[in-house]
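Worksheet: the structure to be examined is printed underneath.
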């Protein structure tokens with residue numbers, strides 16, 4: 001069995017790449033690259049039928065599908081990535097946003113990135129492993145009489161490691177920094193990359209500063225383009241420091257450590273699941289560790305009841321939060337919402353996204369109880385409003401707020417901003433290049449415009465196709481792209497499309513059952 | 001699986017036909033009922049068909065009720081508990097002798113054992129094993145075709 005290497009590499013740390021050499025102008029400016037021009041530039045070229053750019057969860061799930069359902073051998077697939085293992089970034093973001101390995105993530109029992117069938121579910125696996133019926137009972141009673149069952153982070157990561165070994169992920173991984181992709185004269189694509197220092201591509205005798213992969217189909221899943229830093233936060237950091245005002249998706253352990261040493265006040269901004277996790281960490285430090293931290297929680301939109309235009313479109317809410325079990329309403333992943341959005345175009349689709357949009361967090365009994373304690377004792381209070389200005393004053397962060405009643409100033413020792421992972425796709429080098437040179441365009445929500453099979457519109461190249469999945473394809477015919485199950489649905493669409501194009505095998509009922517049995521027995525493929 | 005209306009109906013018909021049919025074939029000889037085996041099979045399959053046919057109406061009602069749920073989902077628990085109203089309706093139809101294919105009286109115990117065993121196995125199949133051969137089923141709202 002192949003062991004995927006370097007899983008001990010710290011989560012989230014990409015290797016340092018040398019300065020990338022300049023590209024010859026003939027290649028830099030050309031929308032299509034001819035083989036002779038690439039060879040003339042002295043760039044070594046390697047071939048693979050399918051290349052996935054990204055190497056995170058999107059690449060892993062797509063490649064898993066291609067290996068299992070499509071029956072494509074590892075020799076025909078290459079994953080170009082600057083991270084060592086696919087869940088490295090995910091694990092980092094989960095960790096800093098306060099989900100320990102034993103913590104439960106916001107994902108359904110059957111959303112298994114390591115298993116095409118979602119069966120056995122995480123709940124069933126946990127029940128068997130721990131010899132307890134509790135997880136199954138929870139699934140049985142959810143969501144009416146129990147919180148949604150959600151798996152522990154550690155179990156999810158371990159299961160992905162097992163699957164990565166099973167499909168021999170490491171045999172397909174090329175450690176590098178992808179600079180750009182271009183269509184090839186005659187069909188297919190080039191992906192240009194700078195190899196990771198000291199890691200030759202395909203055992204090249206002489207390490208080259210630039211290497212190209214030539215492929216027929218290319219898949220691009222770079223994840224979120226970046227963190228969302230609101231202007232007030234950026235302004236504060238330019239004027240003062242990076243210490244007192246932090247984004248929840250950055251490592252901000254120093255805030256909790258400082259609050260353990262002396263009493264303080266924290267301003268938390270945001271109403272999503274990350275805000276809930278940060279609040280839970282602060283409250284646990286108080287209840288279990290004795291840190292007498294006071295919390296001021298700022299909501300831009302304060303939700304104080306069920307909300308929605310009519311009785312058939314009403315979401316629960318209270319105490320500022322809008323409640324929803326998962327990132328999207330459950331019917332996004334297969335029910336009527338998925339079916340409806342698939343048929344919508346342009347403005348109608350954008351409107352549907354708006355209807356289901358908004359920041360939400362799950363209603364969990366434990367969290368509710370802790371917040372209620374805080375409200376009652378007075379150490380947790382909420383405020384509706386937006387920040388007009390952030391400044392330092394006598395070692396305190398002072399936030400000038402615009403609130404419904406006028407203006408208000410809040411003094412705190414720290415501010416934790418939980419406003420999310422978002423960024424313009426053009427901030428990502430490869431995506432920007434696709435928009436400028438690859439024929440790609442934006443969808444009604446500003447991300448990459450893909451069709452129902454996740455083919456990047458306008459970017460076809462001869463008999464080759466470019467596919468984009470994950471957060472970059474948000475706004476398309478399927479809304480839940482940036483979730484485990486969403487990535488699996490996208491992967492299924494991609495692989496089914498490739499099967500229709502004769503590039504891989506179609507997964508029918510018999511072979512599906514046979515592949516599932518291999519998964520159950522852990523057989524390497 | 002989060003259903004669409006078409007998916008609900010297709011899943012019900014498919015699972016009752018394949019899984020329900022197999023369970024019926026297995027349990028009918030064991031039911032506490034008198035009469036020749038052929039007549040018993042005729043009765044149990046008549047009940048099975050009625051669950052499928054009446055069920056299309058039930059699915060319309062469930063789909064309507066589901067519209068009040070933000071998630072537009074149908075929790076696992078609901079899928080099991082609906083055996084109560086559905087079982088009572090089929091039972092009422094059966095004892096009034098208006099069920100096509102039924103020729104004699106239907107013993108309560110035999111009906112209950114058959115109905116509940118079919119329901120339980122179909123419910124269990126829909127909550128996991130169905131996804132093994134039909135890997136696209138759950139993403140298509142339960143559509144088999």
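Protein chains in written order, with the working numbering: chain A, 1 to 525; chain B, 1 to 145. Note that CB positions come from ideal geometry on N, CA and C, so glycine has one too. All values reported here derive from a predicted model rather than from experimental measurement.
Determine the extent of the alpha helix (DSSP H) in which residue i is found, giving its start and end residues.
| i | result |
| --- | --- |
| residue 38(A) | 35–40 |
| residue 256(A) | 253–261 |
| residue 402(A) | Note, residue 402(A): premise wrong, no alpha helix (DSSP H); beta strand (DSSP E) at 396–403. |
| residue 54(A) | Element bounds for residue 54(A): not the alpha helix (DSSP H) but the beta strand (DSSP E), 45–54. |
| residue 370(A) | 365–377 |
| residue 350(A) | 346–356 |
Measuring only between beta-carbons, confirm whether residue i sits less than 8 angstroms from chain B.
| i | result |
| --- | --- |
| residue 263(A) | no |
| residue 357(A) | no |
| residue 315(A) | yes |
| residue 489(A) | yes |
| residue 123(A) | no |
| residue 144(A) | yes |
| residue 71(A) | no |
| residue 455(A) | no |
| residue 309(A) | no |
| residue 509(A) | yes |
| residue 87(A) | no |
| residue 330(A) | yes |
| residue 512(A) | yes |
Rounding to the nearest angstrom, what Cα-Cα distance links residue i and residue j in this structure?
| i | j | result |
| --- | --- | --- |
| residue 364(A) | residue 41(A) | 58 angstroms |
| residue 70(A) | residue 159(A) | 21 angstroms |
| residue 264(A) | residue 493(A) | 50 angstroms |
| residue 490(A) | residue 198(A) | 34 angstroms |
| residue 404(A) | residue 359(A) | 20 angstroms |
| residue 257(A) | residue 267(A) | 16 angstroms |
| residue 136(A) | residue 107(A) | 15 angstroms |
| residue 171(A) | residue 139(A) | 37 angstroms |
| residue 4(A) | residue 62(B) | Caution applies to residue 4(A), whose pLDDT of 42 falls short of 50 and renders its modelled position unreliable; the model cannot decide the point. |
| residue 131(B) | residue 39(B) | 35 angstroms |
| residue 331(A) | residue 230(A) | 31 angstroms |
| residue 105(B) | residue 89(B) | 16 angstroms |
| residue 68(B) | residue 113(B) | 33 angstroms |
| residue 173(A) | residue 49(B) | 53 angstroms |
| residue 92(A) | residue 44(A) | 34 angstroms |
| residue 503(A) | residue 451(A) | 18 angstroms |
Kindly say whether residue i, judged by its beta-carbon, lies nearer than 8 angstroms to any beta-carbon of chain A.
| i | result |
| --- | --- |
| residue 120(B) | no |
| residue 134(B) | yes |
| residue 156(B) | Because residue 156(B) is not part of the residues shown, which for chain B are 1 to 145, the question remains open. |
| residue 40(B) | no |
| residue 12(B) | no |
| residue 128(B) | yes |
| residue 131(B) | yes |
| residue 4(B) | yes |
Whose C-alpha, out of the options, is nearest the C-alpha of residue i?
| i | options | result |
| --- | --- | --- |
| residue 205(B) | 136(B), 47(B), 71(B) | Nothing about residue 205(B) can be reported from this structure: the residues present for chain B run from 1 to 145 only. |
| residue 251(A) | 382(A), 278(A), 212(A), 230(A) | 278(A) |
| residue 96(A) | 439(A), 417(A), 475(A) | 417(A) |
| residue 247(A) | 409(A), 415(A), 73(A) | 415(A) |
| residue 93(B) | 120(B), 130(B), 126(B), 51(B) | 51(B) |
| residue 30(B) | 58(B), 110(B), 5(B) | 110(B) |
| residue 322(A) | 335(A), 361(A), 285(A) | 361(A) |
| residue 135(B) | 324(A), 426(A), 485(A), 427(A) | 485(A) |
| residue 327(A) | 104(A), 24(A), 48(A), 480(A) | 480(A) |
| residue 496(A) | 27(A), 65(A), 298(A) | 65(A) |
| residue 393(A) | 236(A), 110(A), 113(A), 29(A) | 236(A) |
| residue 367(A) | 57(A), 53(A), 284(A) | 284(A) |
Could you check where the beta strand (DSSP E) with residue i kicks off and where it finishes?
| i | result |
| --- | --- |
| residue 393(A) | 386–393 |
| residue 99(A) | That residue, residue 99(A), is in no beta strand (DSSP E); it is neither H nor E in DSSP. |
| residue 195(A) | 189–195 |
| residue 81(A) | 77–81 |
| residue 515(A) | Per DSSP, residue 515(A) belongs to no beta strand (DSSP E); it is in the alpha helix (DSSP H), 509–521. |
| residue 171(A) | Unbroken run through residue 171(A) is the alpha helix (DSSP H), 169–172; no beta strand (DSSP E). |
| residue 415(A) | 414–417 |
Is there at least one non-hydrogen atom of the ligand SAH closer than 7 angstroms to the beta-carbon of residue i?
| i | result |
| --- | --- |
| residue 479(A) | Because no ligand of any kind appears in the structure shown, any question about the ligand SAH cannot be addressed here. |
**Asked** So does the segment 85–94 of chain A actually touch the segment 57–67 of chain A, counting three or more Cβ pairs closer than 8 angstroms?
**Response** yes
**Message:** Three or more C-beta pairs under 8 angstroms: does that hold for the segment 181–194 of chain A against the segment 454–472 of chain A?
**Reply:** yes
**Stretch-stretch touch, CB-based, cutoff 8 angstroms, three pairs: the segment 365–374 of chain A with the segment 506–522 of chain A** = With a cut-off of 8 angstroms, the segment 506–522 of chain A and the segment 365–374 of chain A do not count as touching, because too few Cβ pairs lie within range.
**Asked** Counting Cβ pairs closer than 8 angstroms, one from the segment 347–356 of chain A and one from the segment 13–22 of chain B, do we hit at least three?
**Response** Segments in contact, no.
**Asked** On the three-pair Cβ rule with 8 angstroms, is the segment 302–311 of chain A touching the segment 124–131 of chain A?
**Response** no
**Message:** Any contact between the segment 114–123 of chain B and the segment 79–88 of chain B? By contact I mean 3 or more CB pairs, one from each, below 8 angstroms.
**Reply:** Short answer: they touch.
**Item:** Three CB pairs or more closer than 8 angstroms across the segment 210–221 of chain A and the segment 185–196 of chain A
**Value:** yes
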